[in-house]
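Each protein sequence line maps, in turn, to chains R and E.
All residue numbers for the first sequence refer to my numbering, where the first residue is -18 and numbers rise by one.
All residue numbers for the second sequence refer to my numbering, where the first residue is -18 and numbers rise by one.
Ideal Cβ placement from N, Cα and C applies to all residues, glycine included.
Predicted model, so just to flag it, every value in this text is computed and none were measured.
Below is one structure; the comments refer to it alone.
Protein chains: 2
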Amino acid sequence: MGESIKGLKRSCMCGQLNESNVGNTVTLMGWVQRRRDLGSLIFVDLRDRTGIVQVVFGEEIDKNAFHKAEAIRSEYVLAVTGNVVLRESPNPNMPTGMIEIKATDLRILSESETPPIYIKEELDAAEQIRLKYRYLDLRRPDMQRRLMVRHRAAKIVRDFMDENGFLEMETPMLTKSTPEGARDYLVPSRNFPGMFYALPQSPQLFKQLLMVSGFDRYFQIVRCFRDEDLRANRQPEFTQIDIEMSFVDVDDVIEMNERLIQRLFKEILNVDVKLPIMRMPYKEAMERYGSDKPDIRFGLELVNLTDVVRNSSFKVFQDAIANNGDVRAINAKGCADFGRKEIDRLGEYVKTYGAKGLAWIAIKEDEIKSPIGKFFSEDEMKAIIDRVNGEVGDLILIVADKPDTVFASLGALRLELGRKLNLIGPENKEFKFLWVTEFPLFEYDEEENRYVAKHHPFTMPMEEDLEFLETEPGKVRAKAYDIVLNGEEIGGGSIRIHDTKIQERMFKALGFTMESAWEKFGFLLEAFKFGPPPHGGLAYGFDRLVMFLTGTENIKDVIAFPKNQNAACPLTNAPNVVDSKQLTELGISTINKE
Amino acid sequence: MGESIKGLKRSCMCGQLNESNVGNTVTLMGWVQRRRDLGSLIFVDLRDRTGIVQVVFGEEIDKNAFHKAEAIRSEYVLAVTGNVVLRESPNPNMPTGMIEIKATDLRILSESETPPIYIKEELDAAEQIRLKYRYLDLRRPDMQRRLMVRHRAAKIVRDFMDENGFLEMETPMLTKSTPEGARDYLVPSRNFPGMFYALPQSPQLFKQLLMVSGFDRYFQIVRCFRDEDLRANRQPEFTQIDIEMSFVDVDDVIEMNERLIQRLFKEILNVDVKLPIMRMPYKEAMERYGSDKPDIRFGLELVNLTDVVRNSSFKVFQDAIANNGDVRAINAKGCADFGRKEIDRLGEYVKTYGAKGLAWIAIKEDEIKSPIGKFFSEDEMKAIIDRVNGEVGDLILIVADKPDTVFASLGALRLELGRKLNLIGPENKEFKFLWVTEFPLFEYDEEENRYVAKHHPFTMPMEEDLEFLETEPGKVRAKAYDIVLNGEEIGGGSIRIHDTKIQERMFKALGFTMESAWEKFGFLLEAFKFGPPPHGGLAYGFDRLVMFLTGTENIKDVIAFPKNQNAACPLTNAPNVVDSKQLTELGISTINKE
């Protein structure tokens, strides 16, 4: 039913027109946003990716076009030729609101049924419907803007990297399963039935090999895969800006990446990121914010009370301290009037992070109110209040437990207070970047009863801590760094080990025999026999970065065709069943699970 | 054993140094290409990705550095500080040959065992070894150059597309299996045991959906997958430049892509591609060159003799013509003195393309020599010779058969003659582009006994042939086009059907019921209910394009980590066996094939 565009050329886009075009004849092509029929005149808002412009059809303007226009419905696709004129009643809310197009010719290129979702900003439709009709959801101007920003961001990254001598190099998608990583997506091999490729969780080993090859500076905007249970803002396939450099130490990687971040936020948001970005060792971040990705847009820092309360008669604190635990507090400034109910809610909140309870001290005008007040001498209470810089009106919230638990619960409590007090949230448009550095090289895996690599087994220890690699692995800090924005990790990386001797000590500390290390990482170890350069790098979660650049909190808003919470695609119905002949070729069969 | 680079900064790259740097102190980092020990002096060629420079260590230059340098071996990684001086004996064969570095400081950053392959241009090592030690193979300057060109080419494409309003948009890798396509790579789903994703053969359906969404101009440099038996220059994963535009017809797509091609060849090779590129309908390409991807760097065109020999007494020709076949010839200019053996070899050659034999007529100075001469009257012989513009010294080679066989065998014979006569080959550095247009919409599948889509089922028929869609499908031409370079298809595409009625007729012609069409392509058909714009596009094989841009005939030379002929990776040993626990989670098991 659609007419052909044969012989017709679009002369410009809808959103580009303004008063300077008055008098021009233009040909526009786009979708009908809406149509109003005023008897002798028909008004159509015509939409393309640049915006909307009003087109008017009238019996006296062009009879043919007018009568054809009577058939027009929402989302029809039109080619309209007409003259740009000043509107009699301008619409100041529309960028093109000063003008309209008097249509002298119309072709209806394509018709539309009534769409199941509205094509408008800030749509409030069920996610399942939005994903099923994704092609309509993507017609919405806010979705279009976000994906245009995504394109622009990728372009800026590529321009910057190219200017700085980085080569974009492609690494395999059909590769080997990652030891020590998350769960892999597997791909059965037809040539080797019973064997499998894995889709990459990251190009980590390949980018290190490219450094061994002497490419010096590599980057790639690359799809990665993790078959993990999906939480909010996790997708089974995601995009990474992957970077690696040779002949560098921590400062070199950080300085380069700061300039990249600065460029990106300037060009997309016109935000000036002041350099250098603040750096904070992991230990300090934990002690001040209870988090390795602190949101530094607000204070409410943690304070250590352990030494102050060490000799108090409060058994909960005494026990915690006796078990190598800490007592730490947050001074919730001005919150002394929180009701009992609210404080109880906060108590329940910290329990979800493992704390056994939340002690509190409210500094009222005329009294110190606290259920635990009786356990402290006047001097002790004064010392607590002094330590947290307590003033009248403040509420001191205290957790005593193992350090991990104290940090986790107070870190979370701090964010909860920040939200409650509107210190963070949609109104706060600040961008506060922070490098968190000097991460522990290992973390202790209680289940496996051994140290595991916090980043990965190729992360370089800090030179000054090398001596503790065998004796006190928990104390060894890594040349690892995360870039944190407003409390979210947007990227992270490390300097890698390029010294075989250190790599061997590292594997030993991880409890590997050299045999098992070779079995798992053989080709990298083999490569490192032949002159690996010092190297290091970083990877950003590109989807997450684009979320910041577009101001959305939903990762599905920055991915054209995302999966739902079950890793399925309601649009295409992937995954689906396949022909059993196909499976036989691959040497696999499905198990009938009952 | 490696020294740290702490406190050291590279000041420039090896290949960048020349006479203008004389007097500078520089710090270089790179690999030892070779080391010559002349007693009191040690010469080291230091290599990085920009080139090689000579470094000289001497007891009188710096004693420490000199003694350290005694330990240096090939492929050690060094940091060298020193002074740039003019060489006493310049080496005009090296870009940096006028100067050398007198080393005042040396750090050995990393050692190397003797590499199993030589790090040099044009290495002649076994492919299996090159792939296993790919990180060393990639140190070779020619491999580095090619991958740098690949980066540059991708950057130019992205710049050009961005300048022209195309948005790079990412499409899913975990998607649905492609009906009517090649064999898919499958990915088992853990959330839906027994179900599978497929890796994309191309983002065809997604790019069409993006047009339905109104993104107007899309492109992507994207990985695609086909689980086909590997021939030379085929890889299981390959990269495509994928392009789609809305509100366009054939000319618009072609004009845009010509400018892209022109830019690419100008910027990379400084080759001027004259626009417009010649266009040739499929039918003409077949009749003149016996190929839908003709190499037009040379002539030797096919000539139709059917009408000339129709009444001859040669039974082979008569039978072919009676069976709706053709008799066609190539005039091999100046080849009349080919020996019997050579002509027999050509006869065997055409047989591999299905021809039953090769007839020939040699026009000698004093005689017409031909085993089939006796079947033709003098007039007939003269007519044949006239038709092919035969002259003394020419050799006329003739095939009679069904048209497909005639074209296939003479098309191949033409290329074989071109190679034999050195009309094409490494010496011929011309780039001859050609658009082949007006492809048949269908081809007849003898096995399935039905018409199948030559491109894909969404390809738009030419308007003037629409009337034959039901009556004579074989006659319908498509709005499809291939871009051919020197006889190789480097890209292809089409205008798509955006009219539901035509799409339904197309499916009918393909023998689908509407039910089966919906089962296979439901989500695209559903999308097309809601105002699809006229649209079309094109996709390039990026690997193949880079092969042309780098002058290599081996696809593995332009991919950093390619697979071998078994789709395996000798470097990582992918694919490999995986834990049976992993398979159980996915609801699959391997079949023990005996």
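Close Cβ partners of residue 575 of chain E (< 8 Å) along its chain, the five nearest in sequence each way excluded = By 1-based counting over the second sequence, the position of residue 575 of chain E is 594. Here residue 575 of chain E scores only 48 on pLDDT, less than 50, and its place in the model is too uncertain to base an answer on.
Excluding the five sequence neighbours on either side, which residues of its own chain have a C-beta within less than 7 Å of the C-beta of residue 569 of chain E, listed in chain order?
-> Residue 569 of chain E sits at position 588 when you count from the first residue of the second sequence. Excluding positions up to five away in sequence, the list reads 169.
Say whether chain E places a C-beta atom closer than 7 Å to the C-beta of residue 228 of chain R.
-> One-based indexing of the first sequence puts residue 228 of chain R at position 247. Residue 228 of chain R counts as touching chain E.
Any C-beta of chain R under 7 Å from that of residue 111 of chain E | Locating residue 111 of chain E in the second sequence gives position 130, counting from the first residue. Residue 111 of chain E does not count as touching chain R.
Supposed close pair residue 474 of chain E, residue 517 of chain E - CB separation, criterion 8 Å | Taking the second sequence and counting its residues from 1, one reaches residue 474 of chain E at position 493. Taking the second sequence and counting its residues from 1, one reaches residue 517 of chain E at position 536. Yes, residue 474 of chain E and residue 517 of chain E are in contact; Cβ-Cβ is about 7 Å, under 8 Å.
According to the neighbour-count rule (16 or more other Cβ atoms, all chains shown, within 10 Å of its Cβ), is residue 180 of chain R buried or exposed?
-> Mapped onto the first sequence, residue 180 of chain R falls at position 199. The residue in question, residue 180 of chain R, is buried, as its Cβ has 16 or more Cβ neighbours within 10 Å.
Sort E/58, E/391, E/45 and E/471 by Cα distance to residue 29 of chain E and report the nearest one.
-> What you label residue 29 of chain E is simply residue 48 of the second sequence in a count that begins at 1. When each option's Cα is compared against that of residue 29 of chain E, the closest is E/58.
Residue 156 of chain E - partner residues in DSSP beta bridges = Within the second sequence, the letter at position 175 stands for residue 156 of chain E. Answer by DSSP bridge pairing, in chain order: E/179.
Tell me whether residue 37 of chain E sits in a helix, a strand or coil according to DSSP, three-state version.
-> By 1-based counting over the second sequence, the position of residue 37 of chain E is 56. Of the three classes helix, strand and coil, the one that applies to residue 37 of chain E here is strand, per DSSP.
Under 7 Å between C-beta atoms, does residue 575 of chain E make it to chain R?
-> Counting from one through the second sequence, the residue named residue 575 of chain E turns up at place 594. A caution first: residue 575 of chain E carries a pLDDT of 48, below 50, which makes its placement in the model unreliable, though a value can still be read off. For residue 575 of chain E, the answer is no, since every Cβ of chain R falls outside 7 Å of its Cβ.
What span of residues does the alpha helix (DSSP H) with residue 386 of chain E cover, start to end?
-> Counted from its first residue, the second sequence places residue 386 of chain E at position 405. From DSSP, the alpha helix (DSSP H) with residue 386 of chain E extends over 384 to 401.
Output the distance between the C-alpha atoms of residue 2 of chain E and residue 24 of chain E, rounded to the nearest integer angstrom.
-> Taking the second sequence and counting its residues from 1, one reaches residue 2 of chain E at position 21. Taking the second sequence and counting its residues from 1, one reaches residue 24 of chain E at position 43. If you take the alpha carbons of residue 2 of chain E and residue 24 of chain E, they lie about 19 Å apart.
Is residue 575 of chain E helix, strand or coil by DSSP?
-> Against the second sequence, residue 575 of chain E aligns to sequence position 594. Here the model assigns residue 575 of chain E a pLDDT of 48, short of 50, so the residue's position is not dependable, and the following value carries that caveat. If DSSP states are grouped into helix, strand and coil, residue 575 of chain E belongs with coil.
DSSP bridge partner residues for residue 205 of chain E (one or two, in chain order) = Indexing the second sequence from 1 puts residue 205 of chain E at position 224. E/219.
Mind checking which residues open and close the alpha helix (DSSP H) that includes residue 516 of chain E?
-> Reading the second sequence from its first residue, position 535 is the one you call residue 516 of chain E. Not the alpha helix (DSSP H): residue 516 of chain E falls in the beta strand (DSSP E), residues 516 to 522.
Look up residue 454 of chain R in the DSSP assignment and say whether it is helix, strand or coil.
-> Sequence index remark: in the first sequence, residue 454 of chain R carries index 473 (1-based). Of the three classes helix, strand and coil, the one that applies to residue 454 of chain R here is helix, per DSSP.
Among E/125, E/91, E/199 and E/43, which has the Cα closest to the Cα of residue 185 of chain E?
-> Within the second sequence, the letter at position 204 stands for residue 185 of chain E. Here the closest residue by C-alpha is E/199.
Would you kindly check if the distance between the Cβ of residue -16 of chain E and the Cβ of residue 54 of chain E is under 7 Å?
-> Residue numbering aside, residue 54 of chain E sits at position 73 when the second sequence is read from its first letter. Residue numbering aside, residue -16 of chain E sits at position 3 when the second sequence is read from its first letter. In this structure, residue -16 of chain E does not lie closer than 7 Å to residue 54 of chain E by Cβ.
How about residue 510 of chain R: is its C-beta nearer than 7 Å to some C-beta of chain E?
-> As a working mapping, residue 510 of chain R is identified with position 529 in the first sequence. At least one chain E Cβ lies under 7 Å of residue 510 of chain R.
For residue 462 of chain E, the residue or residues it bridges with in DSSP | Here the question's residue 462 of chain E lines up with position 481 in the second sequence. BP columns for residue 462 of chain E point to E/418 and E/474.
Span of the alpha helix (DSSP H) around residue 561 of chain R = The residue you call residue 561 of chain R lines up with position 580 of the first sequence. That run of the alpha helix (DSSP H) goes 561 to 567.
Please list, in chain order, all residues of the same chain as residue 0 of chain R whose beta carbon is under 8 Å from its beta carbon, the five residues on each side excluded.
-> The sequence position of residue 0 of chain R within the first sequence is 19, counting from 1. So the qualifying residues of the chain are 67, 79 and 80.
Using alpha carbons as the reference points, say which of E/503, E/465 and E/164 lies closest to residue 562 of chain R.
-> Start at 1 with the first residue of the first sequence, and residue 562 of chain R comes out as number 581. Measuring from the Cα of residue 562 of chain R, the nearest candidate turns out to be E/164.
Could you please give the first and the last residue of the uninterrupted alpha helix (DSSP H) stretch that includes residue 625 of chain E?
-> Lying outside -18 to 575, the shown extent of chain E, residue 625 of chain E is not represented and no answer is given.
Euclidean distance between Cα positions of residue 490 of chain R and residue 65 of chain E = Along the first sequence, read from residue 1 onward, the residue named residue 490 of chain R stands at position 509. Along the second sequence, read from residue 1 onward, the residue named residue 65 of chain E stands at position 84. When rounded, the distance between both Cα atoms is 45 Å.
Counterpart residues of residue 309 of chain E in DSSP-defined beta bridges | Indexing the second sequence from 1 puts residue 309 of chain E at position 328. DSSP lists E/285 and E/380 as partners of residue 309 of chain E.
So residue 377 of chain E and residue 341 of chain E are in contact, right, with Cβ under 8 Å, and what is the actual spacing, rounded?
-> In the second sequence, the residue the question calls residue 377 of chain E occupies position 396. In the second sequence, the residue the question calls residue 341 of chain E occupies position 360. Indeed they touch by this definition, with Cβ atoms about 6 Å apart.
May I have the straight-line CA-CA distance separating residue 347 of chain R from residue 279 of chain R, to the nearest angstrom?
-> As a working mapping, residue 347 of chain R is identified with position 366 in the first sequence. As a working mapping, residue 279 of chain R is identified with position 298 in the first sequence. About 29 Å.
Please state whether DSSP places residue 413 of chain E in a helix, a strand or coil.
-> By one-based count along the second sequence, residue 413 of chain E stands at place 432. In this structure, residue 413 of chain E counts as coil in the three-state DSSP scheme.
For my contact list, residue 395 of chain E and residue 289 of chain E are in at a C-beta cut-off of 8 Å; report their separation, rounded to the angstrom.
-> To locate residue 395 of chain E, count along the second sequence from 1; it is residue 414. To locate residue 289 of chain E, count along the second sequence from 1; it is residue 308. In fact, because the Cβ distance is near 20 Å, the residues do not count as touching under 8 Å.
Is the shortest distance between the beta-carbon of residue 57 of chain E and the beta-carbons of chain R less than 7 Å?
-> Counted from its first residue, the second sequence places residue 57 of chain E at position 76. Closer than 7 Å to some Cβ of chain R, the Cβ of residue 57 of chain E qualifies, so yes.
Per DSSP, what kind of secondary structure is residue 538 of chain E in: helix, strand or coil?
-> The residue labelled residue 538 of chain E in the question sits at position 557 within the second sequence. Residue 538 of chain E falls in the helix class under three-state DSSP.
Expected contact under 8 Å - CB spacing of residue 56 of chain R and residue 512 of chain E to nearest Å | Walking along the first sequence from the start, residue 56 of chain R turns up at place 75. Walking along the second sequence from the start, residue 512 of chain E turns up at place 531. Confirmed, Cβ separation roughly 4 Å.
Three-way DSSP call (helix, strand, coil) for residue 405 of chain E in this model = Locating residue 405 of chain E in the second sequence gives position 424, where the first residue counts as 1. Residue state, collapsed to three classes: coil.
Please list the residues of the region 520 to 554 of chain E that have a C-beta atom closer than 8 Å to any C-beta atom in chain R, keeping them in chain order.
-> 540, 541, 542, 544, 547, 548, 549, 550, 552, 553 and 554
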